[in-house]
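For reference, the structure discussed in these notes is given below.
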Amino acid sequence: MGKAKDAGLVPITREYFKQLYKDTEIPTFSDEYNSTIKAITERIEAFKAAGHTIDASNRLEVPEKMEETMYKMRHLFETCAELFFPAEKSPYPPAVRNHAAMKAELKSSSEGLLKEGRETSIKAAAIVDTYQTNNADRVKGIVRGFLPKDFRAQLFMNHQERSDRKKKAAIEKLMAKGGTLVDKYTKLWDDQMERRKKLAQIGGATGIFAAIVKLLAGIPQVLLDFVKQINDKEGPMEEIRAKFGPPLYSLLEGGNEVVTHLATLTHADNSSKFSVDELSADIKLSVTAINEMTRMVDMYMQFCAGTIGKAPFFVKAEELSQEGGAGDNTEAINVSARSKEVISVDVEDGDAVDYELSLDAKDIDFSVTLTAGGNTIALLPKKRCESSKGPLKGSITAPQEGVLTFVFDNSFSLLTSKSLRFKAVNTTSEAKDKQ
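One point on numbering: in this note's numbering, the residue at position 423 of the sequence shown is 1039, and numbering is uninterrupted.
Dropping the structure here:
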């Protein structure tokens, strides 16, 4: 494959980001937001002084990673939504439900506020989710742009998409079985760290990803070097965290105050400790806080999309001068004398993969194996393929999830290299993608 031209590109380092963003102004939070969070904190202190039960069980630790903080923000907003107006339980929080006088006044005052608080909390979580989804889609689009247009590229992308669908289904199943928000967001973050680990492995060309790096020959080395360091504590991303992370961390800290105030306000132990006027005023304050916080989150996510989203690690293939990435769905392979070439693709249990092998001349040995759990299974024993007999066509069904390997063995030839064309299509995957 052709090699990308790196002319004009510089290594993507922490110092590079520092210089790139040195003049970038970070948005500040509004006076309304700051004063509302201050009022929330003062009310929590007043609750303590009055001897109320302080419910801090929903507070979340502020992490170092911006991405993890975004997941925690979504977690916090979903918690607020349930505290404002539980969707599938009794319609009102305990402090409201158990307050006889408050129940009588719900229709004229607090019911609408509680519903507004829930809807705004859901909106805030969706704002963060949309940013993360758009970011992930942008990265996938960039990877697709660099992939050569052959069957391995399509198989690789299909596998990634199916893997994401399985992860989403696992979350839905977890929650359907009574999983908590803590369970949900722990799983979401674990899944994301698995993706980041695989990305770093691609950059480092380790394990099976060595073959993928060979496939991604059109990507400039500076980008692969960056990806390799994506999880490093002192890597390039640390400068992004240092520059743009503090406002996000501050938002989560403010959110912790909001959720503590709301959880204390609606705690069953406090149901008889508030007057109607006091409870109404605190509900209004909680709704004001979540509205202001949502505005700040929206502003910050728009800033990130316009600033961090335009960082050089989001370069598109068409913006670079490159020779790789062309061709049809057939892979041209040259097998040297006394050597082998292999092509490996990920498959799931029951996947059917159709293949076609054409030799320009002479002959070659061909076999197919499946590696799963450290064991290798022979799916197609070695057989001699001859150019005079025309293309070899067939189909392999994976008996379990693993790595399917096509082996082209020319070790029996002492002097002559062999040229062939090969393509494969995961028909099971394509059928599911069309549904």
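Note that beta-carbon positions come from the ideal geometry of N, C-alpha and C, so glycine has one too. Please read all numbers here as calculations on a predicted model, not as lab measurements.
(message) Please report the straight-line C-alpha distance between residue 781 and residue 806, rounded to a whole angstrom.
(response) One-based indexing of the sequence shown puts residue 781 at position 165. One-based indexing of the sequence shown puts residue 806 at position 190. Their Cα atoms are separated by approximately 15 Å.
(request) Helix, strand or coil for residue 1000, going by three-state DSSP, please let me know. (result) Within the sequence shown, the letter at position 384 stands for residue 1000. In the three-state scheme derived from DSSP, where H, G and I count as helix and E and B as strand, residue 1000 is classed as strand.
(message) Comparing C-alpha positions only, which one of 648, 640, 631 and 667 sits nearest to residue 885?
(response) Translated into the one-based positions of the sequence shown, residue 885 becomes position 269. Residue 885 has its Cα closest to that of 667, out of 648, 640, 631 and 667.
(message) If I follow the unbroken alpha helix (DSSP H) through residue 902, where does it start and stop?
(response) One-based indexing of the sequence shown puts residue 902 at position 286. Its alpha helix (DSSP H) spans residues 892-923.
(request) Between the Cα of residue 989 and those of 1019, 777, 999 and 925, spot the shortest distance and give me the residue it belongs to. (result) The residue given as residue 989 occupies position 373 in the sequence shown. Residue 1019 is the option with its Cα nearest to residue 989.
(message) With distance defined between alpha-carbon atoms, name the residue in 735, 743 and 777 nearest to residue 755.
(response) Your numbering for residue 755 matches position 139 in the sequence shown. That would be 777, whose Cα lies nearest to the Cα of residue 755.
(message) Closest to residue 870 by C-alpha separation, out of 1041, 677, 995 and 804, would be which residue?
(response) Mapped onto the sequence shown, residue 870 falls at position 254. Measuring from the Cα of residue 870, the nearest candidate turns out to be 677.
(message) Spatial neighbours of residue 899 within its chain, please: C-beta separation below 6 Å, excluding the five flanking residues on both sides.
(response) Reading the sequence shown from its first residue, position 283 is the one you call residue 899. Only 726 and 729 meet the Cβ criterion.
(message) Between which two residues does the beta strand (DSSP E) holding residue 1040 run?
(response) Counting from 1 along the sequence shown, the entry for residue 1040 is found at position 424. Element bounds for residue 1040: 1034-1042.
(request) Whole angstroms is fine: what's the gap from residue 659's alpha carbon to residue 698's? (result) To locate residue 659, count along the sequence shown from 1; it is residue 43. To locate residue 698, count along the sequence shown from 1; it is residue 82. Their Cα atoms are separated by approximately 21 Å.
(request) Determine the extent of the alpha helix (DSSP H) in which residue 1069 is found, giving its start and end residues. (result) This structure cannot speak to residue 1069, because the chain is shown only from 617 to 1051.
(request) Using alpha carbons as the reference points, say which of 1043, 962 and 913 lies closest to residue 644. (result) Sequence index remark: in the sequence shown, residue 644 carries index 28 (1-based). Nearest of 1043, 962 and 913 to residue 644, Cα basis: 913.
(message) So, for residue 1043: in the same chain, excluding its five sequence neighbours on each side, which residues have a beta-carbon less than 6 Å away from its beta-carbon?
(response) Counted from its first residue, the sequence shown places residue 1043 at position 427. Cβ within range, chain order: 968 and 970.
(message) Closest to residue 948 by C-alpha separation, out of 1037, 999 and 648, would be which residue?
(response) Counted from its first residue, the sequence shown places residue 948 at position 332. Of all alpha-carbon atoms in 1037, 999 and 648, the one lying nearest the alpha-carbon of residue 948 is that of 1037.
(message) Could you tell me the alpha carbon to alpha carbon distance between residue 738 and residue 1039, rounded to whole angstroms?
(response) The residue you call residue 738 lines up with position 122 of the sequence shown. The residue you call residue 1039 lines up with position 423 of the sequence shown. Going from the Cα of residue 738 to the Cα of residue 1039 covers about 46 Å.
(message) Just to confirm my understanding: we take residue 1007, look at its own chain, exclude 5 residues before and 5 after, and list those with CB closer than 6 Å. What are they?
(response) For the purposes of this step, residue 1007 is identified with residue 391 of the sequence shown, where counting begins at 1. Same-chain partners within the cutoff: 972 and 974.
(request) With DSSP collapsed to three states, give me the class of residue 700. (result) If you number the sequence shown from 1, residue 700 lands on position 84. Helix, per DSSP.
(request) Note down the Cα distance separating residue 952 from residue 774, rounded to an integer number of angstroms. (result) Residue 952 sits at position 336 when you count from the first residue of the sequence shown. Residue 774 sits at position 158 when you count from the first residue of the sequence shown. The straight-line gap from Cα to Cα measures roughly 31 Å.
(message) For a quick check, are the C-beta atoms of residue 740 and residue 909 less than 8 Å apart?
(response) What you label residue 740 is simply residue 124 of the sequence shown in a count that begins at 1. What you label residue 909 is simply residue 293 of the sequence shown in a count that begins at 1. Contact: yes.
(message) Taking 6 Å as the limit between beta carbons, can you name the residues of its chain near residue 1035, skipping five residues before and five after?
(response) What you label residue 1035 is simply residue 419 of the sequence shown in a count that begins at 1. Cβ within range, chain order: 950 and 976.
(request) Please look up how many angstroms separate the CB atoms of residue 921 and residue 750, rounded, as I've assumed it's under 8 Å. (result) Reading the sequence shown from its first residue, position 305 is the one you call residue 921. Reading the sequence shown from its first residue, position 134 is the one you call residue 750. Yes, residue 921 and residue 750 are in contact; Cβ-Cβ is about 7 Å, under 8 Å.
(request) For residue 997, count neighbouring C-beta atoms within 10 Å of its own C-beta (all shown protein chains included) and say buried if the count is 16 or more, exposed if not. (result) Numbered from its first residue, the sequence shown carries residue 997 at position 381. Within a 10 Å sphere around the beta-carbon of residue 997 sit fewer than 16 other beta-carbons, which makes this residue exposed.
(message) Using a 10 Å radius around the Cβ and a threshold of 16 neighbouring Cβ atoms, would you call residue 642 buried or exposed?
(response) One-based indexing of the sequence shown puts residue 642 at position 26. It counts as exposed.
(request) Could you tell me which of 1023, 982, 860 and 798 sits nearest to residue 917, measuring between CA atoms? (result) Mapped onto the sequence shown, residue 917 falls at position 301. Looking at the Cα atoms, 860 is the closest of the given residues.
(request) Determine the DSSP secondary structure at residue 986, reduced to helix, strand or coil. (result) Taking the sequence shown and counting its residues from 1, one reaches residue 986 at position 370. The answer is strand: DSSP assigns residue 986 an E or B state.
(request) On a CA-only basis, which of 966, 794 and 679 is nearest residue 868? Give me that one, please. (result) Position 252 of the sequence shown, counted from the first residue, corresponds to residue 868. Among 966, 794 and 679, the Cα nearest to that of residue 868 is on 679.
(message) Taking the straight line between their C-alpha atoms, what separation do you get for residue 657 and residue 790?
(response) As a position in the sequence shown, residue 657 is number 41, starting the count at 1. As a position in the sequence shown, residue 790 is number 174, starting the count at 1. Going from the Cα of residue 657 to the Cα of residue 790 covers about 35 Å.
(message) Give me, in chain order, the residues of the same chain whose beta-carbon lies closer than 8 Å to that of residue 965; leave out the 5 immediate sequence neighbours on both sides.
(response) Locating residue 965 in the sequence shown gives position 349, where the first residue counts as 1. So the qualifying residues of the chain are 1014, 1015, 1016 and 1017.
(request) Out of 894, 747, 669 and 779, state which residue places its alpha-carbon closest to the alpha-carbon of residue 962. (result) Taking the first residue of the sequence shown as position 1, residue 962 is located at position 346. Scanning 894, 747, 669 and 779 for the CA closest to the CA of residue 962 turns up 779.
(request) With DSSP as the reference, please indicate the residues paired to residue 1024 in a beta bridge. (result) Residue mapping note: residue 1024 aligns to position 408 of the sequence shown, counting from 1. For residue 1024, which the question treats as bridged, DSSP gives the partners 957 and 982.
(message) Please state the DSSP three-state secondary structure of residue 804.
(response) Counting from one through the sequence shown, the residue named residue 804 turns up at place 188. Three-state DSSP puts residue 804 in a helix.
(message) Distance check for residue 954 and residue 985, CA to CA, integer angstroms please.
(response) By one-based count along the sequence shown, residue 985 stands at place 369. By one-based count along the sequence shown, residue 954 stands at place 338. Taking the straight line joining both Cα atoms gives about 20 Å.
(request) Output yes or no for whether 8 Å exceeds the beta carbon distance between residue 630 and residue 957. (result) In the sequence shown, the residue the question calls residue 630 occupies position 14. In the sequence shown, the residue the question calls residue 957 occupies position 341. For residue 630 and residue 957, no; Cβs fall outside 8 Å.
(message) Using C-beta distances below 7 Å, list every residue in its chain close to residue 695, excluding the 5 sequence neighbours before and after it, in chain order.
(response) Start at 1 with the first residue of the sequence shown, and residue 695 comes out as number 79. Setting aside the 5 residues that flank it on each side, residue 695 is surrounded in the same chain by 674, 797 and 875, each with a C-beta closer than 7 Å to its C-beta; the list follows chain order.
(message) Assuming residue 950 is part of the alpha helix (DSSP H), what are its boundary residues?
(response) Here residue 950 corresponds to residue number 334 of the sequence shown, with the count starting at 1. No alpha helix (DSSP H) holds residue 950; the beta strand (DSSP E) holding it covers 947-951.
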